[in-house]
Amino acid sequence: TVFLGLDCFLYYVGVSWLPAILEDAHFTQEQAGSMHGVLLLSTALPGLLLIPLAPRMKDQRHAACLLSLSIMVGLLGLLLLPAYAVIWILFFGFGAGGGLILALSFLSLRTVDSVDAASLSGLSQAFGYLLAASGPAMVGFLHDISGGWGPPLVLCAILSVVMAAVGLMAGRNRQISVDRLAATV
């Protein structure tokens, strides 16, 4: 749930604010729009690798960590070296797109049966997307009060590190039972 929520939070922030970030870094509207398209395309690339590979991996901890850190590299790159924005956007998009595929894969890889997968899916997506939906507004507010993109991008980079830590836990090779989880709540 948290891995999915953080991944989507960061993705929604990127999709919502990337053109404004690029324009503030002195790219034209046309360039910012083209790079926004690069972001959208780059999120599809990990599917070519992860969909067939994730179920074959012993566990997905390394993949979750690498995808999360790819997001961080993209964010910090945009902040520190915006002239190379296309490279940073590819890092960000690959990490965010791969993170979503991995998060959704966890729902079936970590459950015992289809009933548990459906229950976990409902819980994860409800809370995960609720967290994600707050992202663009929170980051926009932080931009407004700070007067720049530095604090919002640093916050998002920190969240990507948290996502990596959560991914190390969620990617462990173990299965959970929704009934067992409900008994502990």
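For the sequence shown, this note's numbering begins at 430 and goes up steadily by one. Ideal Cβ placement from N, Cα and C applies to all residues, glycine included.
- Here F523 is buried. Its C-beta has 16 or more other C-beta atoms within 10 Å.
- Shown here for H465: same chain residues with a beta carbon closer than 6 Å to its own, the five before and five after excluded, namely L447, P448 in chain order.
- A contact between stretches requires three or more CB pairs, one per stretch, nearer than 8 Å, and the region 527-542 meets this requirement with the region 479-495.
- Contact between L468 and I518 holds: CB atoms are separated by about 5 Å, below the 8 Å threshold.
- Closest option to T430, judged by alpha-carbon separation, among M501, R485, L479, G551: G551.
- Put simply, of L582, E452, T457, Y440 the residue whose alpha carbon is nearest the alpha carbon of L470 is Y440.
- Boundaries for Q489: no alpha helix (DSSP H) harbours it, and the DSSP string shows neither H nor E there.
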